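Under full-length UniProt numbering, the letters of the sequence shown match residues 1 to 254, in that order.
Here's the structure, in C-alpha coordinates; my notes come after.
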Amino acid sequence: MFKQAFSRLQAVFQSPAAVPEGTRVYAVGDIHGRADLLDRLHDMIRADAAQAPEGTRLVVVYLGDYVDRGMDSKGVIDRLLGTPLPGFEVVSLKGNHEDAFLKFMSEPAFGREWKYYGGLETLMSYGVRALPLKDEPEAFIAARDELAELMPEAHRTFLDTLRVSHEEGGYFFAHAGVAPGVPLGEQAPEDLMWIRDEFLQADGDFGKVVVHGHTPEEEPVVRRNRIGVDTGAYITGTLTALVLDGQDYRFLSA
(Lines of atoms letter the chains of each structure in order from A and count residues from 1; the text may use other names and numbers.)
(Lines give C-alpha, C1' and ligand atoms only; values in the text may rest on other atoms or scores of the structure.)
Protein backbone atom coordinates (compact mmCIF):
# COMPACT_ATOMS: atom_id res chain seq x y z
CA MET A 1 0.00 0.00 0.00
CA PHE A 2 2.87 2.36 0.79
CA LYS A 3 4.37 1.79 -2.68
CA GLN A 4 1.00 2.50 -4.32
CA ALA A 5 0.53 5.71 -2.34
CA PHE A 6 4.06 6.87 -3.05
CA SER A 7 3.75 6.26 -6.78
CA ARG A 8 1.23 9.08 -6.98
CA LEU A 9 4.04 11.52 -6.18
CA GLN A 10 5.81 10.93 -9.49
CA ALA A 11 3.81 13.72 -11.19
CA VAL A 12 5.40 17.10 -11.92
CA PHE A 13 4.70 20.02 -9.58
CA GLN A 14 5.91 23.61 -9.54
CA SER A 15 7.93 25.33 -6.82
CA PRO A 16 8.36 29.04 -6.09
CA ALA A 17 12.09 28.39 -6.52
CA ALA A 18 14.05 27.31 -9.59
CA VAL A 19 17.41 25.81 -10.47
CA PRO A 20 19.58 27.58 -13.06
CA GLU A 21 18.42 27.35 -16.66
CA GLY A 22 19.79 24.30 -18.44
CA THR A 23 20.42 22.44 -15.17
CA ARG A 24 18.76 19.32 -13.76
CA VAL A 25 19.48 18.41 -10.12
CA TYR A 26 18.89 15.06 -8.41
CA ALA A 27 18.94 15.21 -4.59
CA VAL A 28 19.25 11.76 -2.98
CA GLY A 29 17.87 11.20 0.50
CA ASP A 30 19.37 9.28 3.43
CA ILE A 31 20.84 5.94 2.25
CA HIS A 32 21.85 4.41 5.61
CA GLY A 33 23.76 1.40 4.39
CA ARG A 34 21.26 0.36 1.70
CA ALA A 35 23.68 -0.09 -1.18
CA ASP A 36 21.11 -2.26 -2.94
CA LEU A 37 18.59 0.57 -3.08
CA LEU A 38 21.28 3.03 -4.13
CA ASP A 39 22.15 0.80 -7.10
CA ARG A 40 18.51 0.79 -8.18
CA LEU A 41 18.13 4.52 -7.74
CA HIS A 42 21.29 5.18 -9.75
CA ASP A 43 19.79 3.11 -12.58
CA MET A 44 16.63 5.21 -12.44
CA ILE A 45 18.58 8.48 -12.39
CA ARG A 46 20.67 7.45 -15.40
CA ALA A 47 17.53 6.53 -17.34
CA ASP A 48 15.81 9.77 -16.37
CA ALA A 49 18.84 11.92 -17.23
CA ALA A 50 19.06 10.28 -20.66
CA GLN A 51 15.78 12.03 -21.48
CA ALA A 52 17.15 15.50 -20.66
CA PRO A 53 17.85 17.88 -23.55
CA GLU A 54 21.34 17.65 -25.00
CA GLY A 55 23.77 19.91 -23.17
CA THR A 56 21.84 19.84 -19.87
CA ARG A 57 24.08 20.33 -16.83
CA LEU A 58 23.43 17.31 -14.60
CA VAL A 59 24.07 17.53 -10.85
CA VAL A 60 23.56 14.90 -8.14
CA VAL A 61 23.50 16.01 -4.51
CA TYR A 62 23.75 13.27 -1.88
CA LEU A 63 22.18 14.65 1.28
CA GLY A 64 24.22 12.62 3.76
CA ASP A 65 23.70 9.71 6.17
CA TYR A 66 25.41 7.11 4.02
CA VAL A 67 26.35 4.96 7.02
CA ASP A 68 24.73 3.24 10.04
CA ARG A 69 21.49 1.29 10.51
CA GLY A 70 21.55 -0.61 7.20
CA MET A 71 23.98 -3.49 6.72
CA ASP A 72 26.23 -2.23 3.91
CA SER A 73 27.66 1.17 4.83
CA LYS A 74 31.02 0.23 3.31
CA GLY A 75 29.30 -0.72 0.07
CA VAL A 76 27.51 2.61 -0.08
CA ILE A 77 30.77 4.54 0.21
CA ASP A 78 32.42 2.22 -2.33
CA ARG A 79 29.71 3.14 -4.81
CA LEU A 80 29.91 6.86 -4.11
CA LEU A 81 33.67 6.73 -4.67
CA GLY A 82 33.13 5.11 -8.06
CA THR A 83 31.51 6.83 -11.02
CA PRO A 84 27.93 5.57 -10.89
CA LEU A 85 26.61 8.60 -12.80
CA PRO A 86 29.06 9.50 -15.59
CA GLY A 87 28.83 13.09 -16.76
CA PHE A 88 27.29 14.35 -13.51
CA GLU A 89 28.67 16.96 -11.16
CA VAL A 90 28.70 15.27 -7.75
CA VAL A 91 28.10 16.98 -4.41
CA SER A 92 28.34 14.81 -1.28
CA LEU A 93 27.11 16.39 1.94
CA LYS A 94 27.86 15.34 5.50
CA GLY A 95 25.04 13.98 7.63
CA ASN A 96 24.92 13.67 11.39
CA HIS A 97 25.78 9.96 11.09
CA GLU A 98 29.01 10.73 9.23
CA ASP A 99 29.72 13.35 11.89
CA ALA A 100 29.20 10.71 14.60
CA PHE A 101 31.30 8.14 12.70
CA LEU A 102 34.23 10.56 12.48
CA LYS A 103 33.87 11.43 16.15
CA PHE A 104 34.08 7.74 17.07
CA MET A 105 37.27 7.38 15.06
CA SER A 106 38.93 10.24 16.96
CA GLU A 107 37.24 9.62 20.33
CA PRO A 108 36.46 5.90 20.80
CA ALA A 109 34.53 6.60 24.01
CA PHE A 110 31.87 8.24 21.82
CA GLY A 111 31.13 4.75 20.56
CA ARG A 112 28.94 4.24 23.63
CA GLU A 113 26.53 6.69 22.01
CA TRP A 114 27.27 6.00 18.34
CA LYS A 115 26.55 2.28 18.52
CA TYR A 116 22.92 3.06 19.31
CA TYR A 117 22.75 5.20 16.14
CA GLY A 118 23.49 2.05 14.11
CA GLY A 119 27.25 2.13 14.49
CA LEU A 120 27.56 -1.62 15.08
CA GLU A 121 26.13 -2.27 11.63
CA THR A 122 28.73 0.07 10.15
CA LEU A 123 31.57 -1.70 11.97
CA MET A 124 30.26 -5.06 10.74
CA SER A 125 30.19 -3.83 7.15
CA TYR A 126 33.94 -3.12 7.36
CA GLY A 127 34.61 -6.57 8.79
CA VAL A 128 35.39 -5.45 12.34
CA ARG A 129 35.33 -8.50 14.60
CA ALA A 130 36.01 -6.72 17.91
CA LEU A 131 32.43 -5.48 18.16
CA PRO A 132 31.82 -3.48 21.37
CA LEU A 133 28.74 -5.34 22.57
CA LYS A 134 29.38 -4.15 26.12
CA ASP A 135 29.91 -0.52 27.07
CA GLU A 136 33.51 -0.94 28.18
CA PRO A 137 36.11 1.68 27.15
CA GLU A 138 38.61 -0.98 26.10
CA ALA A 139 36.07 -2.52 23.73
CA PHE A 140 35.51 0.75 21.89
CA ILE A 141 39.25 1.35 21.58
CA ALA A 142 39.77 -2.14 20.16
CA ALA A 143 36.94 -1.66 17.65
CA ARG A 144 38.28 1.73 16.55
CA ASP A 145 41.80 0.36 16.12
CA GLU A 146 40.60 -2.58 14.05
CA LEU A 147 38.43 -0.26 11.95
CA ALA A 148 41.45 1.97 11.29
CA GLU A 149 43.31 -1.04 9.88
CA LEU A 150 40.42 -2.23 7.73
CA MET A 151 39.04 1.03 6.37
CA PRO A 152 40.42 2.00 2.93
CA GLU A 153 42.25 5.32 3.00
CA ALA A 154 39.93 6.60 0.28
CA HIS A 155 36.95 6.11 2.62
CA ARG A 156 38.55 8.20 5.35
CA THR A 157 39.41 10.92 2.84
CA PHE A 158 35.82 10.87 1.57
CA LEU A 159 34.44 11.33 5.09
CA ASP A 160 36.95 14.04 5.94
CA THR A 161 36.17 16.11 2.85
CA LEU A 162 32.36 16.06 2.89
CA ARG A 163 30.68 19.44 2.59
CA VAL A 164 27.86 20.67 4.85
CA SER A 165 25.81 22.65 2.31
CA HIS A 166 25.30 23.40 -1.37
CA GLU A 167 23.25 25.90 -3.39
CA GLU A 168 21.65 25.72 -6.82
CA GLY A 169 19.58 28.71 -7.90
CA GLY A 170 16.73 29.18 -5.42
CA TYR A 171 17.52 25.98 -3.51
CA PHE A 172 19.78 25.38 -0.51
CA PHE A 173 20.82 21.80 0.28
CA ALA A 174 21.78 20.60 3.77
CA HIS A 175 21.43 17.28 5.54
CA ALA A 176 19.23 18.30 8.47
CA GLY A 177 18.04 21.82 7.66
CA VAL A 178 18.89 25.34 8.77
CA ALA A 179 18.51 27.47 11.87
CA PRO A 180 15.59 29.89 11.38
CA GLY A 181 16.55 33.55 11.41
CA VAL A 182 20.21 32.91 10.54
CA PRO A 183 21.42 33.93 7.05
CA LEU A 184 22.23 30.92 4.92
CA GLY A 185 25.85 31.97 4.59
CA GLU A 186 26.23 32.08 8.38
CA GLN A 187 24.72 28.73 9.32
CA ALA A 188 26.63 26.65 11.87
CA PRO A 189 27.77 23.22 10.61
CA GLU A 190 26.23 21.64 13.72
CA ASP A 191 22.79 22.93 12.73
CA LEU A 192 23.19 21.93 9.08
CA MET A 193 23.88 18.34 10.18
CA TRP A 194 21.78 17.93 13.34
CA ILE A 195 18.91 20.45 13.65
CA ARG A 196 15.39 19.08 13.73
CA ASP A 197 12.29 20.49 15.45
CA GLU A 198 13.20 24.17 15.35
CA PHE A 199 13.69 23.93 11.60
CA LEU A 200 10.79 21.59 10.84
CA GLN A 201 8.28 23.72 12.72
CA ALA A 202 9.37 27.03 11.16
CA ASP A 203 7.01 28.45 8.55
CA GLY A 204 9.02 31.53 7.62
CA ASP A 205 11.14 32.18 4.55
CA PHE A 206 14.69 30.79 4.88
CA GLY A 207 15.93 32.83 1.92
CA LYS A 208 15.84 29.78 -0.37
CA VAL A 209 13.83 26.57 -0.41
CA VAL A 210 15.78 24.12 1.77
CA VAL A 211 16.19 20.55 0.50
CA HIS A 212 17.03 18.18 3.34
CA GLY A 213 16.99 14.66 4.70
CA HIS A 214 17.54 13.63 8.36
CA THR A 215 13.88 13.29 9.39
CA PRO A 216 12.30 10.16 7.89
CA GLU A 217 8.72 10.18 6.64
CA GLU A 218 6.79 7.61 4.60
CA GLU A 219 6.56 10.07 1.71
CA PRO A 220 8.56 13.17 0.74
CA VAL A 221 7.46 16.28 2.61
CA VAL A 222 6.83 19.43 0.58
CA ARG A 223 6.34 22.79 2.23
CA ARG A 224 6.68 26.22 0.66
CA ASN A 225 10.02 26.73 2.47
CA ARG A 226 11.47 23.18 2.46
CA ILE A 227 11.39 19.75 0.81
CA GLY A 228 12.24 16.68 2.88
CA VAL A 229 13.58 13.67 0.96
CA ASP A 230 14.32 11.10 3.69
CA THR A 231 11.89 8.21 3.24
CA GLY A 232 13.58 5.93 5.80
CA ALA A 233 15.33 3.64 3.31
CA TYR A 234 16.81 1.31 5.94
CA ILE A 235 13.40 0.46 7.37
CA THR A 236 10.84 1.20 4.60
CA GLY A 237 12.88 -0.19 1.73
CA THR A 238 12.31 3.02 -0.25
CA LEU A 239 15.11 5.40 -1.24
CA THR A 240 14.04 8.70 -2.77
CA ALA A 241 15.54 11.32 -5.07
CA LEU A 242 14.08 14.76 -5.69
CA VAL A 243 14.39 15.90 -9.31
CA LEU A 244 14.62 19.66 -9.90
CA ASP A 245 14.33 21.08 -13.41
CA GLY A 246 13.59 24.81 -13.79
CA GLN A 247 10.64 25.44 -11.47
CA ASP A 248 9.42 21.86 -11.82
CA TYR A 249 10.04 19.15 -9.27
CA ARG A 250 9.17 15.48 -9.01
CA PHE A 251 10.41 12.35 -7.25
CA LEU A 252 12.05 9.07 -8.16
CA SER A 253 11.82 6.15 -5.75
CA ALA A 254 13.69 2.85 -5.61
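The beta carbon of each residue, even a glycine, is placed where N, CA and C say it ideally should be.
From a predicted model like this one, the values you see are computed outputs, not experimental measurements.
Inter-residue distance for Asp230 and Glu149 is about 32 Å (C-alpha atoms, whole angstroms). Within the same chain, Cβ atoms closer than 8 Å to the Cβ of Pro180 are found at Glu198, Phe199, Ala202, Gly204, Phe206, the five residues on either side in sequence being excluded. Secondary-structure assignment with DSSP links Tyr26 through a beta bridge to Val60, Val243.
Around the CB of Lys134, fewer than 16 other CB atoms lie within 10 Å, so the residue is classed as exposed. Ranking Leu242, Gly232, Leu147 by CA distance to the CA of Leu120 puts Leu147 first. DSSP, read as helix, strand or coil, puts Tyr66 in coil. Restricting attention to Phe104, Val90, His155, the CA atom closest to the CA of Gly75 is found in His155. For Ser165, the three-state secondary structure derived from DSSP is coil.
As for any beta strand (DSSP E) of minimum length 3 sitting wholly inside the segment 70–98, the runs are 89–92, ordered along the chain. Arg112: member of the alpha helix (DSSP H) spanning 111–114, first to last residue.
Ranked by how close their Cα comes to the Cα of Val59, the residues Val67, Ala49, Ile235 have Ala49 in first place.
When only Cα atoms are considered, Thr56 and Leu41 end up about 20 Å apart.
Less than 8 Å divides the Cβ of Arg226 from the Cβ of Val209.
Taking each of Leu242, Asp78, Leu38, Asp72 in turn and checking the Cα distance to Glu153, the smallest one comes out for Asp78. With a cut-off of 8 Å on Cβ pairs, the segment 27–39 is in contact with the segment 230–246, counting three or more such pairs. Under the DSSP assignment, Gly119 falls in the alpha helix (DSSP H) whose first and last residues are 119–125. Per DSSP, the unbroken beta strand (DSSP E) holding Phe173 starts and ends at 171–173. Here Leu159 is not near Ala143, since their CB atoms are 8 Å or more apart.
Bounds of the alpha helix (DSSP H) holding Ile141 are 137–150.
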